[in-house]
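**Q** Okay, here's the structure, questions in a sec.
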């Protein structure tokens, strides 16, 4: 469905992937089946779907935090495992996962430390990233001194510290209030545009998925699979006004109907949505 | 908060316990004056203070003996507790074996082992008491550190995996810092315990120049004021240990200053 | 990311397997201690020795470190040469005596602790006045005051002068009281705000709210405090028995057997085992109370 023109050096190429949990046991779960997806360089792709559709599982397969039961995942032309070892991506989670015993700057330096960078280089890069996320004065603060939105910005700075080409995000704004969320979305777009990063972004929020992405991948559960891919043809220059444009609402509606279609078919099958 | 509000708040916090303490002391002093109780039964607070000041050297010497036993045991027990917990961290069996011992030591009057230990060493040795304190402290700290090592922040662990970090790197950079608050909870709990064990250990024989034996001896005799002076000395040593362990925690685990939820 | 699903209770067979494993580990732990004892006895220096100049190595001859088997076999023989009672009976009798004292101390101390905590929760002034002393009491050694309590009692009445066991119990009460007071207070003060607002909306008074809401929600805090109190009561009673020379208690037995240790080494160990069993029985009792209080509650996550 998706891979007609995929180039092996695309940042993310997923082919025929299946993920089964507890295979062979009575509580076997088909978390993902028949996943084919290609993400092009510099593209922003959102994954959205109801609970249990496997979007977070898919993200973790890309990150090599889980391994597929079948199929292949190629990151930058390498296996997902090699990509993780080579640190080709940065990841951000719903909890910022900042280390409370390290200052903001030292938190950002963490992946660089693990790569063996020397102190001066690390510090310079951390300062650069703080400028990028607009928090330069907070380098020597501790995480608990920052608000939730600021902590997530630091987490994003950390994810991008080693300048990976690929950013994987699992509902990073889920714990924030709506206003902060919208602000963070705009910031994320700005940062990724500046760095030319490819992004795979998991979310629960339809407006968020549409506002951020070039393409919205709609998934459905039981078994987890890709149902539709919505092309968000709104151009890359998005701002606050974009949220009020009719084109935006049109795309949001398109995604919502795709999701409702899933909901209805689940009901028809007599399955309760949890 | 304005300065006036701050002062008012400080006063509200300090005044009630201070008042309670003063009332208690005054009542004590008056009761003795009124009822003509002899000082060899219960001394007046004023007599206690006089004795404390006059016999300070005696109190100090006894406090040092017991205090040193407690300190040596506290330090050794904490180090062993931490070290062995980290070393055996990989082996679930180790903590499964140590836990029953920890529970037993906590539930039974373990200090009676000192009687056994005294037999194994010469009469003038402080080693049996120090061993006793070390054992008591070890189990407290061990249990806490194991608990801390077991707490794994899921997000932080996933993050480290996404970095392809080795288990050793994960241990050093994530799990050990996360364990420090637990370690210090253990040390804070063990500090007063160390002193109590050091004190009570002296009841079982051996040298009689520590606080425990002095208190027991003088309180059974007629110079009760001196006995209480020794008790006051013991209380002061206890407070020093309490303050010391809190200060250490404050210095080493600064990120916990804000949130003390654990 | 995931919905919190309710934890399904583990299958009975796994629960039983877990219990058996825990019991086995318990026994294995003590066997290892025994092995270490005998092991050191085999390799250690007879007259003790030095490590880095400090005399830390213990003596290993039979008088200082009797064999494990000797300790247990001593139970069977009589207490005094030519006496009629075996040591087992003597130790059990003494331990039973001390157990009753400790139980009394535990119950009284817990009751008092809860009462004070309720007062402190109700009247902030009382809390502010008493709390520092509660904290201090946990850091300074109260155990040493046993002789003082004794002389106070003796002063009050000649009859009380003989009741040394009462002084020991009082000290046990003192020691058990503090953890219960602190734990109960914390529990009473940690009631979630939403249920409190609900009770307010029902116009329920403070005492009703206490009975129906605060207390039940404080149980998870009171239960572990009771466990501490049980152990504290045992320690308080037995150690006070030693410093006061209470006639029938296990503490006195340990003291006198300790004095005979040079002539009859295993005897001391029998008394020590007795004290240990006493502590374990008390722990079992408190654990039982714990289970009673915490039944029907969400199982703690390991």
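Protein chains in written order, with the numbering used here: chain V, 1 to 274; chain U, 275 to 536; chain R, 537 to 838. Glycine is no exception: its CB is placed at the ideal position from the N, C-alpha and C atoms.
#1: When the distance is taken between beta carbons, is residue 418(U) closer than 7 angstroms to residue 459(U)?
#2: Could you check what DSSP says for residue 88(V) in three-state terms: helix, strand or coil?
#3: Determine the direct distance from the alpha carbon of residue 242(V) to that of residue 211(V), and round the result to whole angstroms.
#4: Anything in chain V within Cβ reach of residue 435(U), meaning under 9 angstroms, just list it in chain order.
#5: Does the count of Cβ pairs from the region 351 to 370 of chain U and the region 298 to 316 of chain U closer than 8 angstroms reach three?
#6: DSSP three-state call for residue 207(V): helix, strand or coil?
#7: Give me the residue from 88(V), 170(V), 113(V) with the minimum Cα distance to residue 9(V).
#8: Going by alpha carbons, who is nearest to residue 745(R) out of 791(R), 564(R), 728(R), 640(R)?
#9: State the DSSP-derived secondary structure class of residue 431(U), mapped to helix, strand or coil.
#10: Check whether the region 331 to 348 of chain U and the region 380 to 395 of chain U are in contact - that is, three or more C-beta pairs closer than 8 angstroms.
#11: At a CB-CB cut-off below 9 angstroms, which residues of chain U make contact with residue 101(V)?
#12: Can you check which of these residues, 517(U), 353(U), 493(U), 524(U), is closest to residue 414(U) by C-alpha distance?
#13: Provide the residue span of the alpha helix (DSSP H) that contains residue 826(R), from first to last.
#14: Quick test of your reading: residue 37(V) and residue 14(V), contact by CB under 8 angstroms. State the CB separation rounded to the nearest angstrom.
#15: Excluding the five sequence neighbours on either side, which residues of its own chain have a C-beta within less than 6 angstroms of the C-beta of residue 90(V), listed in chain order?
#16: Pull up the CB-CB distance for residue 712(R) and residue 768(R), whole angstroms please, since I reckon it's below 8 angstroms.
#17: Is residue 779(R) closer than 7 angstroms to residue 487(U) when the C-beta atoms are compared?
#18: Answer yes or no: does any C-beta atom of chain U fall closer than 7 angstroms to that of residue 112(V)?
#19: Is there contact here, the region 619 to 637 of chain R with the region 789 to 809 of chain R, by at least three beta-carbon pairs under 8 angstroms?
#20: Identify each residue in the region 498 to 513 of chain U for which the Cβ-Cβ distance to at least one residue of chain R is less than 9 angstroms, and report them in chain order.
#21: Output yes or no for whether 7 angstroms exceeds the beta carbon distance between residue 720(R) and residue 758(R).
#22: Rank 441(U), 345(U), 435(U) by C-alpha distance to the C-alpha of residue 423(U) and give the top, closest one.
#23: Would you mind telling me which residues of chain U sit closer than 8 angstroms to residue 564(R), beta carbon to beta carbon, in chain order?
#24: Can you pull the chain U residues whose beta carbon is under 7 angstroms from the beta carbon of residue 142(V), in chain order?
#25: Do three or more CB pairs link the region 630 to 639 of chain R to the region 772 to 787 of chain R at distances below 8 angstroms?
#26: In the DSSP assignment, the beta strand (DSSP E) including residue 30(V) goes from what residue to what residue?
#27: Counting only beta-carbon atoms, is residue 607(R) nearer than 7 angstroms to chain U?
#28: Do residue 359(U) and residue 411(U) come within 7 angstroms of each other at the CB atom, strictly closer than that value?
#29: What residues are listed by DSSP as bridge partners for residue 15(V)?
#30: For residue 736(R), which residues from the same chain have a beta carbon less than 6 angstroms from its beta carbon, with the 5 sequence-adjacent residues on both sides left out?
#31: Assuming residue 462(U) and residue 520(U) form a contact by the criterion Cβ under 8 angstroms, report the distance between their Cβ atoms to the nearest whole angstrom.
#32: Does residue 170(V) come out as helix, strand or coil in the three-state DSSP assignment?
#33: On the CB-based measure, 16 or more other CB atoms within 10 Å of its CB, does residue 403(U) come out buried or exposed?
#34: Just reading off the alpha helix (DSSP H) that residue 561(R) is part of, what are its end residues?
#35: Taking 8 angstroms as the limit between beta carbons, can you name the residues of its chain near residue 86(V), skipping five residues before and five after?
#36: Using three-state DSSP, classify residue 236(V) as helix, strand or coil.
**A** Looking at the coordinates:
#1: yes
#2: coil
#3: 8 angstroms
#4: 63, 64, 65, 84
#5: no
#6: helix
#7: 88(V)
#8: 728(R)
#9: helix
#10: no
#11: 451, 452, 454, 527, 528, 529, 530
#12: 353(U)
#13: 801 to 830
#14: 4 angstroms
#15: 159, 160, 164, 167
#16: 5 angstroms
#17: no
#18: no
#19: yes
#20: 498, 501, 502, 504, 505, 508, 509, 510, 511, 512, 513
#21: yes
#22: 441(U)
#23: 371
#24: 529
#25: yes
#26: 29 to 39
#27: no
#28: no
#29: 72(V)
#30: none
#31: 7 angstroms
#32: strand
#33: buried
#34: 548 to 579
#35: 78
#36: coil
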